[in-house]
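Worksheet: one structure, shown below.
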Amino acid sequence: MKLLFDLFPIILFFVAYKLAGIYMATGVAIVASVAQIAWLKWRNRPIEPMQWLSLGIIVVFGGLTLFLRDEAFIKWKPTILYGAFAVALVGARLLRGRNLIQAVMGKQIRLPEPIWSQLNSAWAIFFALQAALNIIVAYRFSTDVWVNFKLFGSMGLTLVFVILQALWLGRHIQEEPDAS
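Using the numbering used here, you'd call the opening residue of the sequence shown number 15 and step up by one each time.
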């Protein structure tokens with residue numbers, strides 16, 4: 015359910031694009047993102063920094079797309095978001111000695127410290143590659159291809175990455191010691 019909730023603005027963007035074009039889709043994505051945050055606030059649910067960042071980027075770059083009638087701005091949104099994730103993962107590690115992946119996943123699984131470092135690096139590289147791939151698709155292909163890539167290609171790559179990561183992590187997960 016959380017995954018569907020997180021994908022809500024992207025799915026609405028895709029549907030609106032297919033029905034009414036890039037500018038309507040951009041407006042729908044902005045409204046859906048604002049509604050998503052408002053819903054979380056109304057339900058007294060925590061709002062993750064990633065959600066605030068995504069909202070800020072969609073409002074700014076989507077707003078520029080609508081105001082200037084230039085679809086290039088909305089095409090930059092995923093690149094900026096993925097790039098910000100990559101920079102945050104690397105920056106937190108280098109500047110503060112903090113592994114953000116471990117901070118997020120550490121309560122669910124136990125891994126040796128070197129594996130946490132590798133996992134953090136893998137995610138940073140994945141996000142950097144996603145950022146680059148988005149901008150390549152945005153500028154080398156039509157808007158229609160980019161929109162399809164945004165939903166299916168990017169999500170597909172993420173799913174494959176997560177599955178491969180799970181298989182790799184399965185070899186390194188440490189068992190909890192028995193309480194007896």
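Where is the CB? At the ideal position from N, CA and C, for every residue including glycine.
Keep in mind that this is a model prediction, so the values were computed, not measured.
What is the DSSP secondary structure of residue 125, reduced to helix, strand or coil?
Within the sequence shown, the letter at position 111 stands for residue 125. In this structure, residue 125 counts as coil in the three-state DSSP scheme.
On the three-state DSSP scale, how would you describe residue 65?
In the sequence shown, counting from the first residue as 1, residue 65 sits at position 51. Secondary structure of residue 65 (DSSP, three-state): helix.
Going by the CB atoms, is the gap between residue 44 and residue 85 shorter than 7 Å?
Within the sequence shown, numbered from 1, the residue matching residue 85 stands at position 71. Within the sequence shown, numbered from 1, the residue matching residue 44 stands at position 30. Not a contact, by the Cβ cut-off of 7 Å.
Would you mind listing the alpha helix (DSSP H) stretches within the region 26 to 65 that are 4+ residues and don't spill past its ends, in chain order?
Counting whole runs of 4 or more residues, the region 26 to 65 contains the alpha helix (DSSP H) stretches 36 to 56.
In chain order, what residues of the same chain have a beta carbon less than 7 Å from the beta carbon of residue 87, not counting five sequence neighbours either side?
Locating residue 87 in the sequence shown gives position 73, where the first residue counts as 1. Contacts found: 75, 78 and 79.
For residue 26, collect the residues of the same chain with a Cβ closer than 6 Å to its Cβ; drop the 5 residues on either side in sequence, then sort them by chain order.
What you label residue 26 is simply residue 12 of the sequence shown in a count that begins at 1. 42 and 46, listed in sequence order.
Counting only runs of 4+ residues fully inside the region 110 to 181, write out the alpha helix (DSSP H) ranges in chain order.
As far as the region 110 to 181 is concerned, its whole alpha helix (DSSP H) runs of at least 4 residues are 114 to 119, 127 to 154 and 157 to 162.
Give the secondary structure of residue 71 by DSSP, where H, G and I count as helix, E and B as strand, and everything else as coil.
Position 57 of the sequence shown, counted from the start, is the residue given in the question as residue 71. Here DSSP, grouped into helix, strand and coil, assigns residue 71 to helix.
Which residues in the same chain have their Cβ closer than 6 Å to the Cβ of residue 154, if we skip the five residues on either side of it in sequence?
Residue numbering aside, residue 154 sits at position 140 when the sequence shown is read from its first letter. None.
Leaving out five residues on either side along the sequence, give the residues of the same chain with a beta carbon under 7 Å from the beta carbon of residue 22.
Stepping through the sequence shown from its first residue, residue 22 is reached at position 8. Cβ neighbours of residue 22 within its own chain (closer than 7 Å, five residues either side excluded): 46 and 50.
Tell me whether residue 68 is buried or exposed, calling it buried when 16 or more other Cβ atoms sit within 10 Å of its Cβ.
As a working mapping, residue 68 is identified with position 54 in the sequence shown. Counting Cβ neighbours within 10 Å, residue 68 comes out buried, since at least 16 surround it.
Considering only the beta carbon of each residue, do residue 187 and residue 123 sit closer than 7 Å?
Here residue 187 refers to the residue found at position 173 when the sequence shown is read from its first residue. Here residue 123 refers to the residue found at position 109 when the sequence shown is read from its first residue. Note that the C-beta distance between residue 187 and residue 123 is below 7 Å.
Suppose the cutoff is 7 Å on Cβ atoms and the five residues either side in sequence are ignored; what does the same chain contact list for residue 39 look like?
Position 25 of the sequence shown, counting from 1, holds the residue named residue 39. Closer than 7 Å at the Cβ level, and outside the excluded window around residue 39, lie 27, 30 and 31.
Rounded to whole angstroms, what is the Cα-Cα separation between residue 105 and residue 152?
Sequence index remark: in the sequence shown, residue 105 carries index 91 (1-based). Sequence index remark: in the sequence shown, residue 152 carries index 138 (1-based). Cα to Cα, residue 105 sits roughly 27 Å from residue 152.
Pick from 56, 145, 73 and 182 that is closest to residue 163, judged by C-alpha positions
Counting from 1 along the sequence shown, the entry for residue 163 is found at position 149. Cα-wise, what sits closest to residue 163 is 145.
Quick one: is residue 161 buried, meaning 16 or more other Cβ sit within 10 Å of its Cβ, or exposed?
Within the sequence shown, the letter at position 147 stands for residue 161. Buried is the call here.
Hey, out of 82, 19, 70 and 140, whose CA is closest to residue 53's CA?
Here residue 53 refers to the residue found at position 39 when the sequence shown is read from its first residue. When only C-alpha atoms are compared, the closest one is 19.
With 16 as the cutoff for other CB atoms within 10 Å, does residue 121 come out buried or exposed?
Here residue 121 corresponds to residue number 107 of the sequence shown, with the count starting at 1. Exposed, because fewer than 16 other Cβ atoms sit within 10 Å of the Cβ of residue 121.
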